[in-house]
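Quick note: the sequence shown uses the numbering used here, first residue 54, plus one each step.
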Amino acid sequence: MTTTVSHPPTFVSLTTDFGWEDGYVAAMKGVIYSIQPAARVVDITHSIGPQNVVQAAYVLASVAPYFPAGTVHVVVVDPGVGTDRRPLAVFCERACYVGPDNGVFTLVYGRETVKEIRVLANEAYRLPQVSHTFHGRDIFAPFAAHIAAGVEPHTIGPVITDPVKLNLPEPRRQAGDQVEGEIVYVDHFGNLISNIPLAWFEESTEWVFEIGGVEIAGLRPAYGFVAPGELVVLGGSTGLVEVAVRNGSAAERLRLGVGARVRAWPRGSGDGQTGDERTQHS
């Protein structure tokens, strides 16, 4: 199967763990603009935790759907740079994703219509000199620019069908309407974002949540429904349940982060523990 690009995309997004202190991001942008001056380069974030592929996967999945069709999304969170890990272009119904084959596109594979996945093999689309430590500049950026310029995908490299996928945690529904999941991301504000979909919770039911031994009553519409400094559970903008502190940081208050377990159950259903085992917040 050959994928064609009927309308050359002009948006290129960048997601990296490079930070802003050095010139790495600027170097990638320079390469993209040199090849495709009409590109519109947008920074999703350069504050992914160093080598945190899982965090990058969740951030990308939460932002990419809001970009115009035809966007090329470049992700460089690449602990295996310089090794035999494959550089990929993932062509989907609405967008193309360019980055390392290390599982960073796991959520893309599960949520989007993937047309084909190709290895970035055509040396004509790389920079002449390729550093073993900066594939973002020398491979991913130039390939993304050529794709944005409308090159035919079949010229990029061979198709693969076995991309690396992360073993991401899945939320669970248990007997008695109990729900269990875990924190998968901590944002800039210290909000603890879980993998539990908000859609699992009926509005007519009063829910109780427990995280880190702390019990929190109620699922609120927004942060302002509790007093400043209070813990609150709500549905975040990504459609997932999150634990927050109004005008504060839940991560700091609870001293918890990625991997912390979150449980929920309807009030009055019982959860197998006594109230003395937890700190209660309402």
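Just so it is clear, CB atoms sit at the ideal spot from N, CA and C, and this is done for glycine as well.
All values reported here derive from a predicted model rather than from experimental measurement.
Helix, strand or coil for residue i? Go by DSSP, reduced to three states.
i      : result
Ser247 : strand
Ala228 : helix
Leu113 : helix
Gly133 : coil
His233 : Residue identity check: residue 233 is Glu in the sequence provided, not His. Three-state DSSP puts Glu233 in a strand.
Lys168 : strand
Asp96  : strand
Leu309 : coil
Val84  : helix
Val357 : Only positions 54 to 335 of the chain appear in this structure, which leaves residue 357 out of reach.
Arg147 : coil
Ala91  : coil
Thr68  : strand
His185 : coil
Ser59  : Confidence at Ser59 is low in this model, with a pLDDT of 43, below 50, so its placement is unreliable and no value can be given for it.
Arg190 : helix
Ile200 : helix
Glu176 : helix
Pro354 : The structure shown does not extend to residue 354, since the chain spans only 54 to 335, so no value can be given for it.
Pro118 : helix
Pro140 : strand
Thr327 : Note that Thr327 scores a pLDDT of 41, beneath 50, so its modelled location is shaky; the value from the coordinates is reported in the next line. Coil at Thr327, not helix or strand.
Val78  : helix
Ser335 : Because the pLDDT of Ser335 is 49, which lies under 50, any placement of that residue in the model is unreliable, and the number read from its coordinates should be weighed accordingly. Three-state result, Ser335: coil.
Trp73  : coil
To the nearest angstrom, report how far apart residue i and residue j are at their CA atoms.
i      : j      : result
Leu284 : Ile192 : 45 Å
Ala79  : Ala92  : 14 Å
Glu223 : Asn244 : 19 Å
Leu180 : Gly289 : 41 Å
Val315 : Val161 : 25 Å
Gly72  : Tyr119 : 23 Å
Ser66  : Gly229 : 43 Å
Thr327 : Glu268 : Note that Thr327 scores 41 on pLDDT, short of 50, meaning its location in the model is unreliable; the coordinates nonetheless yield the value given after this. Cα to Cα, Thr327 sits roughly 11 Å from Glu268.
Glu255 : Pro319 : 10 Å
Arg164 : Trp253 : 18 Å
Glu74  : Phe187 : 16 Å
Ser257 : Asp215 : 44 Å
Taking 8 Å as the cut-off, is the CB of residue i close to at least one heavy atom of the ligand NAD?
i      : result
Leu309 : With respect to the ligand NAD, the structure shown offers nothing to examine, as it has no ligands at all.
Check the DSSP bridge columns for residue i and list the partner residues they point to.
i      : result
Tyr162 : None, per the DSSP bridge assignment.
Tyr238 : Ile246
Pro319 : Trp260
Leu284 : Val298
His126 : Ser66, Tyr150
Val107 : Looking at the DSSP assignment, Val107 forms no beta bridge with any residue, so it has no partner.
Val212 : Arg171
Under 9 Å, Cβ to Cβ, is there at least one residue of chain B near residue i?
i      : result
Arg171 : In the structure shown, chain B does not exist; there is a single protein chain.
State the CB to CB distance for the pair residue i and residue j, rounded to an integer number of angstroms; the pair is presumed to be in contact (CB under 8 Å).
i      : j      : result
Val239 : Gly310 : 5 Å
Val130 : Ala109 : 4 Å
Val128 : Gly152 : 4 Å
Leu307 : Ile264 : 7 Å
Ser336 : Phe242 : Because residue 336 is not part of the residues shown, which for the chain are 54 to 335, the question remains open.
Gly277 : Trp260 : With 8 Å as the limit, Gly277 and Trp260 do not qualify as a contact, their Cβ atoms being about 19 Å apart.
Task: Sufficient close CB pairs (3 or more, under 8 Å) joining the segment 199 to 210 to the segment 175 to 185 - done: Contact holds between the segment 199 to 210 and the segment 175 to 185, because three or more Cβ pairs, one in each stretch, are under 8 Å apart.
TODO: Evaluate contact between the segment 103 to 111 and the segment 76 to 90, counting only Cβ atoms and requiring at least three cross-stretch pairs below 8 Å.
DONE: With a cut-off of 8 Å, the segment 76 to 90 and the segment 103 to 111 do not count as touching, because too few Cβ pairs lie within range.
Open item on the list: Would you call the segment 220 to 238 in contact with the segment 268 to 285, where contact means no fewer than 3 C-beta pairs closer than 8 Å?
Closed with: no
Task: Touch test, the segment 233 to 250 against the segment 117 to 129, Cβ-Cβ under 8 Å, three pairs minimum - done: no
- [ ] Would you check if there are 3 or more beta carbon pairs closer than 8 Å linking the segment 133 to 145 to the segment 65 to 81?
- [x] no
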